[in-house]
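Residue numbers (my numbering): 9 to 355.
Note that beta-carbon positions come from the ideal geometry of N, C-alpha and C, so glycine has one too.
Reading through the structure tokens given below for one structure.
Next up, the structure:
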């Protein structure tokens, strides 16, 4: 069994007792993910290994994946959610990222809306051509330039735009492949829907991306771009962009300074296209989700999760400042323990 999911290591797999076995039988068998488990069982570990999670996976990635499965209530053994490993030349290893399908997103969104007693709906999807004209149906043989989806949660609109060029999956000759070559309008719309759903349900969908959004991550590397093209590099403080080079764009500051959903989506897409590492993308997602949050409680959860990831204090301060603008903030308490940022900002 690969080192990353080896049962004897004690960090990933736990031996089920007769009580937990009985509970598993009641909730869907030995592979059922329980809300109270803190590590993968040997049976679950074996199936995860067969699904393609090899010995390059880290204990932290596996623990995070377990927490995500529990939070989203998506089943990794029914392929509702899964870990995909991709080589990261910056990290010098294969990095595993959780993914789901747009169907998994829809299941999570409908479940969360029902639990909250909210109505969930959509406005008509529209597509845009290269001249900026919008259409309610895409009939051209050429791919659309973008698609727009608006999710409506309890009367509040969450619009998102996805550009085809930022998500298309290409082959060695830089030509669209797979479903991106056969159904470009549908795939672009799925990416826009994922963006909109993540804004509408930040707590339930934070930290997981759809396969449609991540297909471009497998694109072959192109020739180096001119220096005028922005790049993001890894630095010692993982959530602070490198400074001192004209070619570096500070996506985090841009995301903090705007609350416009469309602009935030564009910033995230640009950072991803520029090669931002997973931890940097996670911080950008924090800011997007904090701006989209309906109340300070949601931002507190984002702040807590970011703190557990060990992010730079500057990032926590950004989240606290956004939280101070949300309904429900108290003058006497900040979003983060000891931060005091919300107290000062809300005064």
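Notebook entry, point to check: Can you name the residues that DSSP bridges to residue 84?
Noted result: In the chain shown, residue 84 corresponds to position 76, counting from 1. DSSP lists no partner for residue 84.
Margin query: Taking 8 angstroms as the cut-off, does the region 131–138 touch the region 152–169 (at least 3 CB pairs, one atom from each stretch)?
Written below: yes
Next item on the list: Apply the 10 Å Cβ neighbour rule to residue 264 and answer buried if 16 or more other Cβ atoms are within range, or exposed otherwise.
Entry: Counted from its first residue, the chain shown places residue 264 at position 256. Per the 10 Å Cβ criterion, buried.
Note to self: So, for residue 110: in the same chain, excluding its five sequence neighbours on each side, which residues have a beta-carbon less than 7 angstroms away from its beta-carbon?
What the structure shows: Against the chain shown, residue 110 aligns to sequence position 102. Hits under 7 angstroms: 198, 201, 202, 218, 220.
Margin query: Quick test of your reading: residue 308 and residue 331, contact by CB under 8 angstroms. State the CB separation rounded to the nearest angstrom.
Written below: In the chain shown, counting from the first residue as 1, residue 308 sits at position 300. In the chain shown, counting from the first residue as 1, residue 331 sits at position 323. That pair is a contact at about 7 angstroms.
Check: Straight-line CA distance for residue 323 to residue 269?
Finding: On the chain shown, residue 323 is found 315 positions in, with the first residue counted as 1. On the chain shown, residue 269 is found 261 positions in, with the first residue counted as 1. So the alpha carbons of these two residues sit roughly 19 angstroms apart.
Margin query: Nearest by alpha-carbon distance to residue 45: which of 59, 209, 58, 71 is it?
Written below: As a working mapping, residue 45 is identified with position 37 in the chain shown. Minimum Cα distance to residue 45 is reached at 71.
Notebook entry, point to check: Given residue 193, which residues of its chain have a CB within under 8 angstroms of its CB, disregarding the five upstream and five downstream residues?
Noted result: Sequence index remark: in the chain shown, residue 193 carries index 185 (1-based). 135, 146, 151, 152, 155.
Check: Count the other CB atoms within 10 Å of the CB of residue 161; is the residue buried (16 or more) or exposed (fewer)?
Finding: For the purposes of this step, residue 161 is identified with residue 153 of the chain shown, where counting begins at 1. The residue in question, residue 161, is buried, as its Cβ has 16 or more Cβ neighbours within 10 Å.
Next item on the list: State the start and end residues of the unbroken beta strand (DSSP E) segment that holds residue 146.
Entry: Position 138 of the chain shown holds residue 146. Unbroken run through residue 146: none, as it is neither H nor E.
Check: Is the CB-CB distance between residue 279 and residue 289 below 8 angstroms?
Finding: As a working mapping, residue 279 is identified with position 271 in the chain shown. As a working mapping, residue 289 is identified with position 281 in the chain shown. A contact, by the Cβ cut-off of 8 angstroms.
Checklist line | Proximity below 8 angstroms, CB of residue 92 to CB of residue 105 | finding: As a working mapping, residue 92 is identified with position 84 in the chain shown. As a working mapping, residue 105 is identified with position 97 in the chain shown. Yes, these two residues count as a Cβ contact at 8 angstroms.
Next item on the list: Return the chain-ordered list of same chain residues with a C-beta closer than 7 angstroms to the C-beta of residue 112, the five sequence neighbours on each side being excluded.
Entry: Numbered from 1 along the chain shown, position 104 holds the residue referred to as residue 112. Only 82, 88, 89 meet the Cβ criterion.
Margin query: Suppose contacts are defined by Cβ-Cβ distances below 8 angstroms. Is residue 276 in contact with residue 260 by that definition?
Written below: What you label residue 276 is simply residue 268 of the chain shown in a count that begins at 1. What you label residue 260 is simply residue 252 of the chain shown in a count that begins at 1. The answer is no: Cβ separation not under 8 angstroms.
Notebook entry, point to check: Based on Cα-Cα distance, which residue from 120, 42, 101 lies nearest to residue 77?
Noted result: The residue given as residue 77 occupies position 69 in the chain shown. Residue 42 is the option with its Cα nearest to residue 77.
Checklist line | Segments of 4+ residues assigned as alpha helix (DSSP H) that fall wholly inside the region 174–199 | finding: 187–190
Next item on the list: Quick one: grab the DSSP three-state call for residue 237.
Entry: Along the chain shown, one-based indexing puts residue 237 at 229. Low local confidence applies: a pLDDT of 41 at residue 237 is under 50, so the model's placement there is unreliable, and no value is given.
Check: Which residues mark the beginning and the end of the beta strand (DSSP E) in which residue 96 is found?
Finding: In the chain shown, residue 96 corresponds to position 88, counting from 1. Run containing residue 96: 89–96, per the beta strand (DSSP E) assignment.
Margin query: My output table needs one value for residue 335: the three-state DSSP class, helix, strand or coil.
Written below: As a first step, residue 335 is located in the chain shown; it is residue number 327 there, counting from the start. Residue state, collapsed to three classes: coil.
Next item on the list: Return the CA-CA distance between residue 56 and residue 84, expressed in angstroms with no decimal places.
Entry: Taking the chain shown and counting its residues from 1, the one referred to as residue 56 is at position 48. Taking the chain shown and counting its residues from 1, the one referred to as residue 84 is at position 76. Looking at the two C-alpha atoms, the distance is approximately 8 angstroms.
Check: What did DSSP end up calling residue 310 once you bin it into helix, strand or coil?
Finding: Start at 1 with the first residue of the chain shown, and residue 310 comes out as number 302. In this structure, residue 310 counts as helix in the three-state DSSP scheme.
Next item on the list: Excluding the 5 residues preceding and the 5 following residue 212 in the sequence, name in chain order all residues of the same chain whose CB lies nearer than 6 angstroms to its CB.
Entry: Within the chain shown, numbered from 1, the residue matching residue 212 stands at position 204. 116, 120, listed in sequence order.
Notebook entry, point to check: Taking all protein chains shown into account, do 16 or more other C-beta atoms lie within 10 angstroms of the C-beta of residue 236, making it buried, or fewer, making it exposed?
Noted result: Residue mapping note: residue 236 aligns to position 228 of the chain shown, counting from 1. No answer about residue 236 holds up, because its pLDDT of 42 lies below 50 and its placement is not dependable.
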